[in-house]
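What follows is one structure encoded as structure tokens, with my remarks underneath.
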Amino acid sequence: MTETPTSSHFKENAHAALHDAPLQKALQHVRVNFIDKRAKAVARLPEFEALRDSARDIKDHTLANLDLYIEAYEARVVAAGGHVHYAMTAKDGVDIVLKLCHERGAKAVTKGKSMIAEEMGLNAALEAAGIDPIETDLGEYIIQLRGEAPSHIIAPAVHLNKEQVEADFRRVHRDLPSDRDLSQPVQLLTEARGILRDKFLSADIGVTGANFLIAETGTSIIVTNEGNGDLTQILPKVHIVLASLEKIVPTLEDASQLLRVLARSATGQDMSVYTTLSTGPRRPGDPDGPEEYHVILIDNGRSSMLGGDFEDMLRCIRCGACMNHCPIYHAVGGHAYGSVYPGPMGAVLTPSLIGVEEGGQLPNASTFCGRCEAVCPVRIPLPNMMRHWREREFERHLSPKAMRYGIGFWAFFAKRPTLYRLSTNVAMRALHWLGRAKGRFASLPFAGGWTRYRDLPAPQGATFQSQWRAKSGSVH
Amino acid sequence: MSAREEILANIRRSLGVTGAEAPRRMAVDDRLAQARSGIIPQRGQGDQAARVATFKDEAERAQASVVEVETAADAPGEIARFLRDSNLPATLRMGDDPRLAAMPWSATALDTAHGASDGHDLNAVSAAFAAIAESGTLALVSGPDNPTTLNFLPDNHFVVVAASDIVGDYESVWRKLRGGYGKGAMPRTVNFITGPSRSADIEQTLLLGAHGPRRLHIVIVKGA
Ligand code: SF4
């Protein structure tokens, strides 16, 4: 990440975000697009709910045996001619990358989109070492030009409008004729494609993340739509894969269960365009591909999360559905969270990664509407885990302050009628949609006190405020 | 202690295990050896005709174009036609795959080149290892005769697939890979490709041809 965490200033950040007009304009796309596309993809696959159970069970089984699967995975990578490195911390991971770069005299490193690289602050470290990191995912490329961190885990530049992107390209792409029309997204894409094509071809090392690592075969999988991850890993002489420990799954069969829920939850595609399985370096006789293949397995707090209150969070496959469906995220965007990971998954994961003092405000960034859990493909009980964090704060005698934050946060929203209406409206429509089959819920996260004894009727798709307005004219 | 040992020790401490428990080892070994299938959607299932029809529908949903030809000998003509109709130059790069090598390219006006791409080719053709009806996905493998660069660098990517290689689901591809490469082994690269390259990173506007091909044209060979 290119900025220091500002999670402890969530309230101030959120306040600023609400008054940021371009941001509010850009966020409209999240509110509509992601939700609609996911719903359609899910509706088209009758097995989807069963696949979510399957995905959850695969991850739970792997986590319970993670030590053994890491050993099995490593043996297969080595058998295929690859190398596995281990990093206890993000800093250790950075040091390994830098060492590999220095030993090979690398000057330019292309990068596929990787959240663990953000966690490691890899770009800043490479720059400090005199190596040019080149983000190749279009969204990542744009925010790199701006010196910003991603505001979304799968759509890093979702907080920007096309006019802002045009201004950045004009500022940075020196050879761009001033009369070139860049007013439309397609022209901006063509411009970036041309610039990045040359960089792909001249890079010394390619760094990608991994969506999954397969213990059975020693394979790393990346999932992309642009093809940038593939060009990053097949053109340079060296391919470095960065992956946190929990990316491991046992078999190819297990990976296909997870793939079936990943893209549908993320972008509403049945499959992303490119799902690439890489096993070791170039083989004898191969006309292309990297000559070296290195995997850096990064712990950075994961092993300590196992067996504890937050183990379930390690099931996360980084699809982004929880933030796409979160009324708080819709209202303030990703940067307000001030951490690498925004939205509900970020609110749960961040305190684990950077500590409760810095990240402790984030678990309060919730209206407890339960939509994140309702859409999470691996069924992570996100609202419950946010509550766990609050309880921890209580135990740590941070309670009076923490309580104020909790209530203060609700009050913050309630005092802003437009925002409150917006977030509750979206939540009500989602609950209406989720509950429409039966018209009621047998159980709902955080309504346990109610649903233990009776079903909760599904809201009819409108809040009290909007019904009032419809019936009696206007409340404002 | 090495980082590796430290991480494994930390995992074991958190899980409350030693790593030497026989039942855990057996469960893991069994899972890796058996590689059991999970839930497989009905969508891709059916006889060959049904799989071909589903594959075609799904690939078109992902913005690929799909054409069926009677025999492998018809594939070069179809690719030449597509290039002509799209007002594209009649050039084509390919690997040395024997299935492609056996096709009558010289009967067309196509100017063919062989081997990996250096990033300056407009058009390329590949032969698919398999295709998956469930999601309209192609499966391509790397090897001496199949450069991976051809799948990503050219603007227009043609893929020839035999109807008999169109399977229902990903699991069938895993079986086929194990049959060809052995259990636990893999080609260096397996590319699953579902439609042409795209990005929606600018204002969520879907645009084709981000870094990879702008067009993906699939030629299904019926009589093969
Ligand atoms: S927590 Fe669940 S919904 Fe959110 S990114 Fe992770 S897997 Fe997706």
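Going down the list, the protein sequences come from chains A and B.
Residues 1 to 476 (our numbering) make up the first sequence, in order.
Residues 477 to 700 (our numbering) make up the second sequence, in order.
Cβ coordinates follow ideal geometry from the N, Cα and C atoms, glycine included.
Counting along the chain, the unbroken beta strand (DSSP E) around residue 607 of chain B starts and ends at 606-608.
In this structure, residue 488 of chain B lies near residue 67 of chain A, with their beta-carbon atoms less than 7 angstroms apart. Taken atom to atom, the span from the alpha-carbon of residue 28 of chain A to that of residue 330 of chain A is near 8 angstroms. With its beta carbon at least 7 angstroms from every one in chain A, residue 682 of chain B lies outside the interface.
In terms of Cβ geometry, residue 336 of chain A and residue 26 of chain A do not form a close pair [threshold 7 angstroms]. The contact set of residue 631 of chain B on chain A, defined by CB atoms closer than 7 angstroms, is empty, because the minimum CB distance reaches about 10 angstroms.
In the DSSP assignment, the residues bridged to residue 133 of chain A are A:109. Closest by C-alpha distance to residue 222 of chain A, out of A:252, A:277, A:231, A:173, is A:277. Within the region 229-248 of chain A, the residues whose Cβ lies closer than 8 angstroms to any Cβ of chain B are, in chain order, 230, 231, 234, 235, 245. For residue 547 of chain B, same chain residues with a beta-carbon under 6 angstroms away, outside a window of 5 residues either side, are 699 in chain order. Judged by their CB atoms, residue 312 of chain A and residue 354 of chain A are not nearer to each other than the 7 angstroms cut-off. The beta carbon of residue 669 of chain B sits closer than 6 angstroms to the beta carbons of 614 from its chain, once the five residues preceding and following it are set aside; these are given in chain order. Under the criterion of beta carbons closer than 8 angstroms, residue 367 of chain A and residue 279 of chain A do not qualify as touching, at roughly 45 angstroms. With respect to chain A, the C-beta atom of residue 674 of chain B has a partner C-beta closer than 7 angstroms.
Cα atoms of residue 132 of chain A and residue 263 of chain A: separation of roughly 31 angstroms, rounded to the nearest angstrom. For residue 569 of chain B, the uninterrupted beta strand (DSSP E) segment begins and ends at 567-570. The beta carbon of residue 579 of chain B sits closer than 7 angstroms to those of 548, 549, 551, 552, all from its chain and outside the five residues before and after it, given in chain order.
Taking a C-beta distance under 7 angstroms as the contact criterion, residue 304 of chain A and residue 5 of chain A do not qualify as a contact pair. The beta carbon of residue 292 of chain A is closer than 6 angstroms to those of 238, 281 in its chain, skipping five residues each way along the sequence.
Less than 7 angstroms separates the beta-carbon of residue 645 of chain B from that of residue 520 of chain B. As the crow flies, the alpha-carbon of residue 504 of chain B is around 7 angstroms from that of residue 65 of chain A.
Partner residues in the beta bridge of residue 297 of chain A, as assigned by DSSP, are A:86, A:243.
Taking the Cβ atoms as the reference, residue 323 of chain A lies roughly 6 angstroms from residue 344 of chain A, within the contact range of under 8 angstroms. The C-beta of residue 203 of chain A has 16 or more other C-beta atoms within 10 Å across all chains shown, which makes the residue buried. At a cut-off of 7 angstroms between C-beta atoms, residue 86 of chain A counts as an interface residue with respect to chain B. Counting the other CB atoms within 10 Å of its CB gives residue 178 of chain A a total below 16, which places it among the exposed residues. Residues of the region 495-507 of chain B whose Cβ lies closer than 8 angstroms to any Cβ of chain A, in chain order: 495, 500, 501, 503, 504, 507. Interface residue (Cβ-Cβ distance to chain B less than 7 angstroms): residue 256 of chain A is classified as such. For residue 646 of chain B, the enclosing alpha helix (DSSP H) covers residues 646-657.
Around the CB of residue 585 of chain B, fewer than 16 other CB atoms lie within 10 Å, so the residue is classed as exposed. Not flagged as an interface residue toward chain B: residue 377 of chain A, since no C-beta distance is shorter than 7 angstroms. Residue state for residue 614 of chain B is assigned as strand, using DSSP reduced to three classes. A direct Cα-Cα distance of roughly 15 angstroms separates residue 534 of chain B from residue 637 of chain B.
Residue nearest to residue 643 of chain B within the set B:683, B:523, B:599 is B:523 (criterion: CA-CA distance).
From the beta-carbon of residue 139 of chain A, the residues of chain B found nearer than 7 angstroms are 677.
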